[in-house]
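A.B. asks: Dropping a structure here in structure tokens format, bear with me for questions.
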Amino acid sequence: MLIAQNWVTGLLRHANPDFAVSNEELDSGFVRVGFETEGFAPIPETTGPLVIGVVRNIEELTQFKKPIRYCLVDVGDANGTGELQGIVCGARNFVEGDTVVVALPGSELPGGFKIAARETYDHISNGMICSAAELGFTDKQNPGIITLDPSYGEPGQDAREALGLSDTVFDVNITPDRGYALSARGLTREIASAFDLTYTDVALEPAVGGFELSDVPAPAGQLIDIDVKPETKTIRFGLRKVTGIDPQAVSPFWLQRELMLSGQRPVNVATDVTNYVMLLLGQPMHAFDAAEISGGLVVRNATAGEKFETLDHVTRTLDSGDVVICDETGIQSLAGVMGGTRSEISEQTTDVYFEAATWDPITVARTSRRHKLSSEASRRFERGVDPAIVEVALDMACALLVDIAGGSVDEGRTLIGEVPARSAITMRVTHPSELIGVDYDRDTVIRRLEEVGCAVEVSECGGKLTVTPPTWRTDFALPEDLIEEIMRLEGLEDIPLVLPTPAGGRGLTPAQARRRAIGHALAYNGYAEILPSPFIPNDTFDTWGLPADDERRQAVAVRNPLEADRGILGTTLLPSMLDSLARNVARGLGDVALFGIQQVSFARDDVSPMPSVKQRPSDEVLQELRESLPYQPLHAATVGTGDIEFEGPWGKGRTYSYADAIESARVVARAAGVELDVVSANTLPWHPGRCAALVVDGTVVGHAGELHPQVIEALGLPARTCAMEIDVTALPLEETFPAPVLSSFPALHQDIALVVDESVPAEDVRRVVAEGAGDLLESVELFDVYRSQQLGEGKKSLAFALLFRAQDRTLTDEEANERRLAAAALAKERFGADMRA
């Protein structure tokens, strides 16, 4: 909320005449009581002669395309001659005899705009008659200039002090649970606590804000008939009427000034009055043109599909959850959000209805979001407004309007609803000290609770407090809410920086340890982690060309997606991973290797049961609810493109290939402590012939390889992009303890090269070699694939490195060679493999 420093300090000086603070001290005061500020800025400085002037003569210059006036302005002796100052001005909102603000030659306005005598429109203009925007009161363009009451000063007198140009605007960040602070009333209460001042509530003593309500007649009878429907959940609704105002009246500058510095735009006197009372008390109000209201009013829920034009001149289609205020002719206002154009205050309005109400916060919040219409009123109503100030807000608005625009206040007043009683909260006096760890004595606890407006009763034994929250603190419900206030006002800096000693835990579960090990392993192997989005594009599986019965199409549809084109929960991590890969490539990072570990969601049932919230569901219903929840296994995925090894003095680089994607799956398997088999597969979105199925204990748990060219083209990915995805939940959890016993005896290395048909997978040959070599084989790795004319058409040579080791002795070359030949013999039997010399 934007608020001027002088407004805050002015309200507090009523009971604290000597109170004065600097900008920095006031900013620290806000922070001290828990309100962060987005900063503060003084009104931009105007240098040079800025004086009060009186317009003595206006000459209309009609020979130009737009209306221009040549004004003779009395600026006293400020111009050094005492003669009238000739100034050219295009504004139309002033007449002869009006008091204005004049920037004389030699002055400099905010933004570096220097004023000098210059010829324009065939006249010499010696200065400028200033608007509020030109003096820095607002950044909103206002075609009208400032007109002042003659009491602001004599011609030639310096205008700075009269205008209050030495002021600072604070932008206070109000948290959602403190709607009361969206007002000068609420913020001055907080500053009074911050500086230990006496606080006088302007709602209880209107004279603090300069209001004299003695001329407002006491209510006598109903104003008009109002029917408030119970389903609207309206808490209170009040209405008063002012008749016979001057429709041409203009809000005085002091009122316009507070509105502009608070970010509001002056509109007309009746609307300005409602905005000022809202900023002062925090009670939103609405002004109706009484001549446009026919008969009584009805507060009801809208009929779905009804049309209504709001004050921003947008015709809206209403929902049955919206609350509206209607007369005999139709809807006049969207309750708690915005009024309508039919009863808008106009230049002919002489009779005004002021409406002040307390609406249901949730209803207003839903209406505001439904129509994407956030107003100053809805911001306050959805956070909670004090229901006890409806009457005083109506009286203040009536008194202020009559004071400015004349007229009289009608004796009738309609008021529906009572102020809801607040439930008392019982709390031990020692509870704050026990919870926070700071010794708060009983007097401190009671003083701070009373300071925020609570009524406190002490039990006979003195050990318990019965606390009744004030009407404006709708966030008080638990003892902890009260303790938070005590802690906040006493100072967060007093809380000791001592961490509690945690109870001993049991460590990570096997599944948690496995997930962490997988993440570490992939990171250590050069992959960068991302957090895949759970939402994927709706057309993902059509783009991939998946058949209708593919299990990955069992996606959960989101009813209210954040983005309409991403309305399903992913059954695979690849769409989000590939999106991130494409984004990196588009930003110039061509060599990318990413991994993600995240849950995916498979739909089980299209419809979930909706049990009543009035009672606990039965065990059968709970079981049905559990069974309807999506199945959410944990997946790990990698994607890569570009170079995985870079070119340099050490040699040529190497491009990320399907083999690297498959190796990333082996990294996951090793981290999970399982044996992974790799077999050829043909699964979209991978390339046929460059896709491997990942198999554990005979079950396919994932796939890896190079993506299909059509998928790469559709997604705008680099050529030969590779990916891997594995179902971590499907991997068996195996304890790896105790650790394997390491042999102290040396190993023997043997190589074997086998010539097989081109169609025989290398992985199948490796498995057979491992089987034939026997239990003394420690490892077998493929290190070369060779093709030549000497081998023959359709043949390839696979070279494997064999490592033999015994636990109890040193192996001989004969033993190792015997087992190498046994491996070759088994490969000959299974695949017709010939061993190369």
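Residue 106 is where the sequence shown starts when you use the working numbering, and the numbers rise one by one after that.
No residue lacks a Cβ here, since even glycine has one placed at the ideal position from N, Cα and C.
Within 10 Å of its beta-carbon, does VAL200 have 16 or more other beta-carbons around it, so buried, or fewer, so exposed?
C.D. replies: Position 95 of the sequence shown, counting from 1, holds the residue named residue 200. Exposed.
A.B. asks: Once DSSP output is grouped into helix, strand and coil, what is the label at PRO856?
C.D. replies: For the purposes of this step, residue 856 is taken as the residue at position 751 of the sequence shown. Looking at the sequence provided, one finds Asp at residue 856 rather than Pro. For ASP856, the secondary structure class from DSSP, reduced to helix, strand or coil, is strand.
A.B. asks: Once you ignore the five residues that flank ARG948 on each side, which residues in its own chain have a CB closer than 6 angstroms to its CB?
C.D. replies: Nothing about residue 948 can be reported from this structure: the residues present for the chain run from 106 to 942 only.
A.B. asks: Going by DSSP in three states, ARG161 sits in which element: helix, strand or coil?
C.D. replies: Indexing the sequence shown from 1 puts residue 161 at position 56. The DSSP-derived three-state label of ARG161 is strand.
A.B. asks: What residue does the alpha helix (DSSP H) around CYS503 start on, and which one ends it?
C.D. replies: Translated into the one-based positions of the sequence shown, residue 503 becomes position 398. Counting along the chain, the alpha helix (DSSP H) containing CYS503 begins and ends at 495–510.
A.B. asks: Taking a contact to mean a Cβ-Cβ separation below 8 angstroms, would you say GLY269 touches ARG362 in this structure?
C.D. replies: Locating residue 269 in the sequence shown gives position 164, counting from the first residue. Locating residue 362 in the sequence shown gives position 257, counting from the first residue. Yes; because the gap between Cβ atoms is below 8 angstroms, this pair is in contact.
A.B. asks: Quick one: what's got a C-beta closer than 6 angstroms to GLU750's C-beta in the same chain, skipping five residues either side?
C.D. replies: Working through the sequence shown from its first residue, we reach residue 750 at position 645. Cβ neighbours of GLU750 beyond the five flanking positions: GLY758 and ARG759.
A.B. asks: Under the three-state reduction of DSSP, which class applies to ASN128: helix, strand or coil?
C.D. replies: Here residue 128 refers to the residue found at position 23 when the sequence shown is read from its first residue. Of the three classes helix, strand and coil, the one that applies to ASN128 here is helix, per DSSP.
A.B. asks: I'd like the list of long-range same chain contacts for LYS245, defined as Cβ closer than 7 angstroms, with 5 residues on each side in sequence excluded.
C.D. replies: The residue labelled residue 245 in the question sits at position 140 within the sequence shown. Within the same chain, LYS245 has close Cβ partners ALA238 and ARG370.
A.B. asks: Quick test of the definition: if touching needs 3 or more C-beta pairs under 8 angstroms, does the stretch 625–644 touch the stretch 671–683?
C.D. replies: yes
A.B. asks: Would you tell me roughly how many angstroms separate the C-alpha atoms of VAL865 and PHE936, rounded to the nearest one?
C.D. replies: Your numbering for residue 865 matches position 760 in the sequence shown. Your numbering for residue 936 matches position 831 in the sequence shown. Taking the straight line joining both Cα atoms gives about 8 angstroms.
A.B. asks: Nearest by alpha-carbon distance to THR915: which of CYS796, THR293, THR225 and HIS854 is it?
C.D. replies: Along the sequence shown, read from residue 1 onward, the residue named residue 915 stands at position 810. Closest option to THR915, Cα to Cα, is HIS854.
A.B. asks: Examine the ligand GDP and report whether any of its heavy atoms sits within less than 7 angstroms of the Cβ of VAL180.
C.D. replies: You won't find the ligand GDP in this model; it holds no ligand whatsoever.
A.B. asks: For TYR629, does the count of other Cβ atoms within 10 angstroms reach 16, so buried, or fall short, so exposed?
C.D. replies: Here residue 629 corresponds to residue number 524 of the sequence shown, with the count starting at 1. The residue is exposed, with fewer than 16 neighbouring Cβ atoms inside 10 Å.
A.B. asks: Do you know offhand how far TYR285's Cα is from GLY387's?
C.D. replies: For this step, residue 285 is matched to residue 180 along the sequence shown. For this step, residue 387 is matched to residue 282 along the sequence shown. Answer to the nearest angstrom: the Cα atoms are 6 angstroms apart.
A.B. asks: Taking the straight line between their C-alpha atoms, what separation do you get for SER723 and SER564?
C.D. replies: The residue labelled residue 723 in the question sits at position 618 within the sequence shown. The residue labelled residue 564 in the question sits at position 459 within the sequence shown. So the alpha carbons of these two residues sit roughly 42 angstroms apart.
A.B. asks: Can you tell me where the alpha helix (DSSP H) holding LYS412 begins and where it ends?
C.D. replies: What you label residue 412 is simply residue 307 of the sequence shown in a count that begins at 1. Per DSSP, LYS412 belongs to no alpha helix (DSSP H); it is in the beta strand (DSSP E), 412–414.
A.B. asks: Could you give the distance in angstroms between the alpha-carbon of LEU309 and the alpha-carbon of VAL126?
C.D. replies: Within the sequence shown, residue 309 is the residue found at index 204, counting from 1. Within the sequence shown, residue 126 is the residue found at index 21, counting from 1. Using only the alpha carbons, I get a separation of about 26 angstroms.
A.B. asks: Exposed or buried, which one is GLU830 when buried takes at least 16 other CB atoms within 10 Å?
C.D. replies: The sequence position of residue 830 within the sequence shown is 725, counting from 1. It is buried - the Cβ of GLU830 has at least 16 other Cβ atoms within 10 Å.
A.B. asks: Just the Cα atoms here: how many angstroms apart are ALA396 and THR519?
C.D. replies: The residue you call residue 396 lines up with position 291 of the sequence shown. The residue you call residue 519 lines up with position 414 of the sequence shown. Their Cα atoms are separated by approximately 18 angstroms.
A.B. asks: Can you give the Cα-Cα distance for GLY902 and ALA878, rounded to whole angstroms?
C.D. replies: Mapped onto the sequence shown, residue 902 falls at position 797. Mapped onto the sequence shown, residue 878 falls at position 773. In the sequence as presented, Gly is not what sits at residue 902; that position holds Ser. Roughly 19 angstroms between the two C-alpha positions.
A.B. asks: Where does the unbroken alpha helix (DSSP H) through PRO716 begin, and where does it stop?
C.D. replies: Your numbering for residue 716 matches position 611 in the sequence shown. Per DSSP, PRO716 belongs to no alpha helix (DSSP H) and is neither H nor E.
A.B. asks: With a threshold of 8 angstroms, are at least 3 pairs of Cβ atoms found where one atom belongs to the stretch 661–668 and the other to the stretch 715–731?
C.D. replies: Using a Cβ-Cβ distance cut-off of 8 angstroms, the stretch 661–668 and the stretch 715–731 are not in contact, since fewer than three pairs of beta carbons, one from each stretch, lie closer than that value.
A.B. asks: Report the partner residues of ASP748 according to the DSSP bridge assignment.
C.D. replies: In the sequence shown, the residue the question calls residue 748 occupies position 643. Its beta-bridge partners are THR760.
A.B. asks: Span of the alpha helix (DSSP H) holding LEU887?
C.D. replies: Position 782 of the sequence shown holds residue 887. Looking at the DSSP string, LEU887 is not in any alpha helix (DSSP H); the run it does join, the beta strand (DSSP E), is 882–891.
A.B. asks: With distance defined between alpha-carbon atoms, name the residue in GLU165, ASP123 and GLN110 nearest to ASP132.
C.D. replies: Here residue 132 refers to the residue found at position 27 when the sequence shown is read from its first residue. Minimum Cα distance to ASP132 is reached at GLN110.
A.B. asks: Just reading off the beta strand (DSSP E) that TRP791 is part of, what are its end residues?
C.D. replies: Taking the first residue of the sequence shown as position 1, residue 791 is located at position 686. 791–801 is the span of the beta strand (DSSP E), which, as asked, contains TRP791.
A.B. asks: Does DSSP classify VAL355 as helix, strand or coil?
C.D. replies: Here residue 355 refers to the residue found at position 250 when the sequence shown is read from its first residue. Note: VAL355 maps to coil in three-state DSSP.
A.B. asks: By the 10 Å Cβ neighbour count, where 16 or more other Cβ atoms means buried, how is VAL557 classified, buried or exposed?
C.D. replies: Mapped onto the sequence shown, residue 557 falls at position 452. By the neighbour-count criterion, in which 16 or more other beta carbons inside 10 Å mark a residue as buried, VAL557 falls on the buried side.
A.B. asks: Is it buried or exposed, PRO574, if we count other Cβ atoms within 10 angstroms and call 16 or more buried?
C.D. replies: Within the sequence shown, the letter at position 469 stands for residue 574. So PRO574 ends up on the buried side.
A.B. asks: Given a cut-off of 8 angstroms on the beta-carbon distance, is the pair LEU364 and ASP377 in contact?
C.D. replies: Looking up residue 364 in the sequence shown gives position 259. Looking up residue 377 in the sequence shown gives position 272. Result yes, Cβ atoms of LEU364 and ASP377 sit closer than 8 angstroms.
A.B. asks: Distance, Cα to Cα, PRO601 vs ILE108?
C.D. replies: As a position in the sequence shown, residue 601 is number 496, starting the count at 1. As a position in the sequence shown, residue 108 is number 3, starting the count at 1. Rounded to the nearest angstrom, the two C-alpha atoms are 34 angstroms apart.
A.B. asks: Given 8 angstroms as the limit, is there contact between the stretch 276–290 and the stretch 224–244, that is, 3 or more CB pairs closer than that?
C.D. replies: no
A.B. asks: So, VAL576 versus VAL524, is the Cβ gap smaller than 8 angstroms?
C.D. replies: The sequence position of residue 576 within the sequence shown is 471, counting from 1. The sequence position of residue 524 within the sequence shown is 419, counting from 1. Per the sequence presented here, residue 576 reads as Thr, with Val not at that position. The answer is yes: Cβ separation under 8 angstroms.
A.B. asks: Buried or exposed: where does VAL178 fall if 16 or more other Cβ atoms within 10 Å of its Cβ makes it buried?
C.D. replies: Indexing the sequence shown from 1 puts residue 178 at position 73. Classification for VAL178: buried.
A.B. asks: Can you tell me whether SER451 is buried or exposed? The criterion is at least 16 other CB atoms within 10 Å of its CB, across all chains shown.
C.D. replies: Counting from 1 along the sequence shown, the entry for residue 451 is found at position 346. Classification for SER451: exposed.
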